[in-house]
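Here the numbering used here is used: the first residue of the sequence shown is 89, the next is one more, and so on.
Where a beta carbon is used, it is the ideal one built from N, C-alpha and C, also for glycine.
What follows is one structure encoded as structure tokens, with my remarks underneath.
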Amino acid sequence: MISQIDKDIITNLLAHPDLRDRQGMDQRVYARISYKKNGVYGWNCNKTHPLQAKFAKYLRPEAIELHAEMDAIVRSVRIFGTDWLENTTLYVVRLKRPGPNIDEWVTGLAKPCEICMAAIEAFDINRVVYTIDKEGIRELIR
Ligand SMILES: [Zn+2]
């Protein structure tokens, strides 16, 4: 069940300056892996990453640009190791332009793709909370 804490984390993620300050992108995705009060962030970028490529290999081998969820996993592993990821919640938000040439951001569907879902399963992250269009929030429990 989506709690008030989940809603607050999503609200904070959407307000995070890193998400709004990034220039030259029409889609911005930001992720946070949370366990108790700890949080590690990740965001999408145009760079490729070997972990993204590893999970993309059998699903969509061309999709090797780093996704926000995978970036958060990479950073979490670097800081806390792999065990830390069990029983964590991964939060994902997406901001997008509502139409061409509209200088505004609205929330969009941030459900992890099949490549990130494979990594989420491999690292035993058991819950994902993500934005959908029109400011809604959904939860996915493994
Ligand atoms: Zn993905």
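Asked                                                                                               : Found
Buried or exposed (CB count within 10 angstroms, at least 16 for buried), P188                      : exposed
Proximity of A151 and I208 at Cβ, strictly below 8 Å                                                : no
Sufficient close CB pairs (3 or more, under 8 Å) joining the segment 216-223 to the segment 171-179 : yes
Residue environment, D159, which counts as buried when at least 16 other CB atoms sit within 10 Å   : buried
Alpha-carbon to alpha-carbon, V162 and L173                                                         : 11 Å
Runs of alpha helix (DSSP H) wholly within the segment 102-145 (minimum 4 residues, chain order)    : 105-109 and 138-144
Secondary structure of L197, DSSP reduced to three states                                           : coil
Burial state of T99, where buried means 16 or more other Cβ atoms lie within 10 Å                   : exposed
Where I152 sits in the DSSP three-state scheme                                                      : coil
Counterpart residues of I225 in DSSP-defined beta bridges                                           : T219
Where T170 falls, given that 16 or more other Cβ within 10 Å makes a residue buried                 : exposed
Boundaries of the alpha helix (DSSP H) in which M205 is found, first to last residue                : E202 to A210
A144 vs A119 beta-carbon contact at 8 Å                                                             : no
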